[in-house]
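Just so you know, the protein sequences line up as chains A and B, in that order.
Note that this note's numbering numbers the first sequence so that position 127 is 131, with each residue one more than the last.
Note that this note's numbering numbers the second sequence so that position 46 is 50, with each residue one more than the last.
First up is the structure itself, then whatever we jot down about it.
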Amino acid sequence: MSLQQIVFGVLSIISIISALGVILSKNPVTSVLCLIVTFFTIAGHYIMLNAQFLAVVHIIVYAGAIMVLFLFVIMLMNLNAEIEPQKRNWLKYAGAISGGALLLVLLGALREADVTPLQSGSTDIGLISNLGKTLFNQYVVPFEVSSILFLSAMVGAVVIGKKEA
Amino acid sequence: MPVQYYIFLSIVLFCIGVMGVLMRRNAIIIFMCIELMLNAVNLLLVAFSKMWADAGRVDAGGAQIFVFFIMVVAAAEVAAGLAIIVMIYRNSQSVDINIMNRLKN
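Structural data, given as structure tokens:
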């Protein structure tokens with residue numbers, strides 16, 4: 005068992021446990037903290053896959069921006085465990101069972117997938133210079149469109165969040 | 005190391021996200037589960053990008069560009085969605101999604 009597989013196993017176990025913590029914890033703040041742990045382990049996976057630029061962007065965007073937004077919103081509203089209604093327990097079991105069935109189907113379908121194994125050597129495809137060349141040579145138009153998307157999302161959030169006149 | 009490991013990890017994370025969306029009533033937690041599903045797909049795309057790069061393809065960076073755009077769209081979605089949730093909370097003092105079926109009247 006190589007070092008790479010050991011690191012992969014540890015990261016995977018942490019990320020799966022903390023992802024379960026997201027959906028099972030009663031307190032929303034605990035969910036957000038578990039989600040931050042999951043995001044950091046996914047960033048570790050990106051580094052192992054030689055996607056250094058994506059790992060940094062992932063930490064900045066998700067752990068930095070999105071999670072702060074979530075925490076801010078949760079602290080803004082006065083949520084606690086008894087606000088979430090506990091009635092209709094069978095709906096919870098139905099959700100768990102159908103999610104588990106989807107898991108089994110996908111695992112069974114892809115168990116025999118024939119793909120070539122990853123080599124342990126590093127590639128430079130995920131470095132920022134190569135990604136930047138790809139981004140600005142082939143994907144300039146989506147890049148500019150995404151800036152319009154961001155602008156409209158910001159303006160939309162401000163307009164929605166304003167008190168109705 | 006086989007790519008199957010990453011495929012299995014992505015499937016598990018995605019299904020945990022699906023379970024969370026189906027099980028929880030809190031709209032914010034449903035949002036976080038959507039983020040989890042997006043991240044599972046991102047991880048799979050990055051693993052396939054590494055696989056293509058190992059195979060000597062020069063265009064393997066395209067998958068990572070897609071991950072970049074998914075992150076951009078997720079950030080925009082969170083900004084708008086949390087604004088909507090805050091407004092629902094202000095109007096009804098709750099983020100329970102069962103309350104939102106009043107939209108149909």
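From the three backbone atoms N, C-alpha and C, an ideal C-beta is built for every residue, glycine too.
Just so it is clear, the structure is predicted and the values come from calculations on it, not from any experiment.
Item	Value
Completely contained alpha helix (DSSP H) runs for the segment 6-87 of chain B, where each covers 4 or more residues	7-27, 31-58
CB of LEU24 (chain A) within 8 Å of CB of THR45 (chain A), strictly	no
The segment 67-84 of chain B: positions lying closer than 8 Å to chain A by Cβ	GLN68, ILE69, VAL71, PHE72, PHE73, MET75, VAL76, VAL77, ALA78, ALA79, ALA80, GLU81, VAL82, ALA83, ALA84
Between the CA atoms of VAL163 (chain A) and VAL11 (chain A) - distance to the nearest angstrom	46 Å
One or two residues paired with ASP100 (chain B) in a DSSP bridge	B:ASN30
CB contact below 8 Å: ILE152 (chain A) versus chain B	no
LEU95 (chain A) classed as buried or exposed, judged by whether at least 16 other C-beta atoms fall within 10 angstroms	exposed
7 Å CB neighbourhood of ALA59 (chain A) in its chain, flanking five on each side removed	ALA47, TYR50, ILE51
8 Å Cβ cutoff, VAL45 (chain B) in contact with chain A	no
Within 8 Å, strictly: CB atoms of ALA57 (chain B) and VAL99 (chain B)	no
Cβ neighbour criterion (16 or more within 10 Å) applied to PRO32 (chain A)	buried
Whole-angstrom C-beta distance between GLN56 (chain A) and GLY136 (chain A), which should lie under 8 Å	Not really, about 13 Å apart at Cβ, beyond 8 Å.
CA nearest to the CA of GLY6 (chain A), picked from A:GLN123, A:ARG92, A:VAL144	Checking the sequence shown, residue 6 (chain A) turns out to be Ser, not Gly. Nearest of A:GLN123, A:ARG92, A:VAL144 to SER6 (chain A), Cα basis: A:GLN123.
Pairwise C-alpha distance: ASN46 (chain B) and ASP118 (chain A)	21 Å
Minimum Cβ-Cβ distance from ALA67 (chain A) to chain B less than 8 Å	no
Residues near ILE11 (chain B) by beta carbon distance below 8 Å, same chain, minus five either side	LEU48, ALA51
Short Cβ contact (8 Å threshold) for MET27 (chain B) with GLY104 (chain A)	no
Residue from A:VAL41, A:LEU108, A:THR127 whose Cα sits closest to the Cα of GLY68 (chain A)	A:VAL41
Status (buried if at least 16 other CB within 10 Å, exposed otherwise) for GLN68 (chain B)	buried
Cβ-Cβ distance between MET75 (chain B) and VAL61 (chain A) below 8 Å	yes
Continuous alpha helix (DSSP H) stretch holding MET81 (chain A): start and end	Note, MET81 (chain A): premise wrong, no alpha helix (DSSP H); not H, not E.
First through last residue of the alpha helix (DSSP H) which encompasses LYS108 (chain B)	Segment: none, LYS108 (chain B) is in no alpha helix (DSSP H) and carries neither H nor E.
Min CB distance SER102 (chain A) to chain B below 8 Å	yes
Buried or exposed by the 16-neighbour rule on C-beta atoms within 10 Å, applied to ILE17 (chain A)	exposed
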